[in-house]
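>
Residue numbers (the working numbering): 7 to 182.
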């Protein structure tokens with residue numbers, strides 16, 4: 007068995023498939039000439055989560071179990087909705103000059119470069135399931151949610167301004 011192949015090693019190590027099933031998959035791969043991932047998908051031997059984890063592990067990219075609340079709204083909107091939807095990606099958070107981007111195809115250098123050029127950030131790709139990315143995109147690029155976030159931000163600014171004025175007023179009175 008080709009245990010040197012990182013995908014095969016990962017699948018066996020994580021007990022995604024047993025050795026017998028893996029032997030069957032490898033025989034099918036040799037006969038058809040298809041790649042391992044396609045055979046696993048076609049035969050429904052792995053689910054979307056397992057498939058994404060296999061791809062992440064073989065590409066030495068971190069996998070995240072993405073949920074919409076993990077995504078910083080400001081980071082998400084550093085990239086246009088067109089790019090986000092076209093490439094099934096979403097920026098998750100910005101840390102200094104680094105932008106963590108959840109991608110269904112994290113090995114896609116063209117998309118990583120495109121996002122890097124648009125944002126001026128160093129792109130740190132992470133793998134996430136296509137479904138999880140679509141859910142996060144729907145949440146963060148939904149007009150109703152964007153409006154709510156804008157209103158909440160305006161209220162927060164108003165509250166901060168009121169507290170600032172109260173503090174200044176309190177400070178002025180105590181100086182007398």
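Note that CB positions come from ideal geometry on N, CA and C, so glycine has one too. In this text, all values refer to a predicted model and were calculated from it rather than measured experimentally.
Just checking my contact of residue 57 with residue 46 at CB under 8 Å: how many whole Å lie between their CB atoms?
7 Å
> Rounded to the nearest angstrom, how far is the Cβ of residue 85 from that of residue 139, given a contact under 8 Å?
12 Å between Cβ atoms; not a contact.
> Starting from the Cα of residue 136, find the closest Cα among 70, 164, 83, 32 and give me that residue.
Of 70, 164, 83, 32, the smallest CA-CA separation from residue 136 is found for 70.
> In the DSSP assignment, the alpha helix (DSSP H) including residue 28 goes from what residue to what residue?
Note, residue 28: alpha helix (DSSP H), 25 to 38.
> Return the Cβ separation of residue 97 and residue 118 in integer angstroms, given the expectation that the two are a contact with Cβ distance under 8 Å.
Not confirmed; about 12 Å, so no contact.
> If we require 3 or more residues per run, which beta strand (DSSP E) segments fall completely within the region 62 to 108?
95 to 101
> Excluding sequence positions up to five away, which residues of its chain have a Cβ less than 8 Å from the Cβ of residue 38?
45
> Please state if the CB of residue 67 and the CB of residue 133 are separated by a distance shorter than 8 Å.
yes
> What did DSSP end up calling residue 52 once you bin it into helix, strand or coil?
coil
> Pick from 20, 103, 88: whose alpha carbon is nearest that of residue 64?
The shortest C-alpha separation from residue 64 is found at 20.
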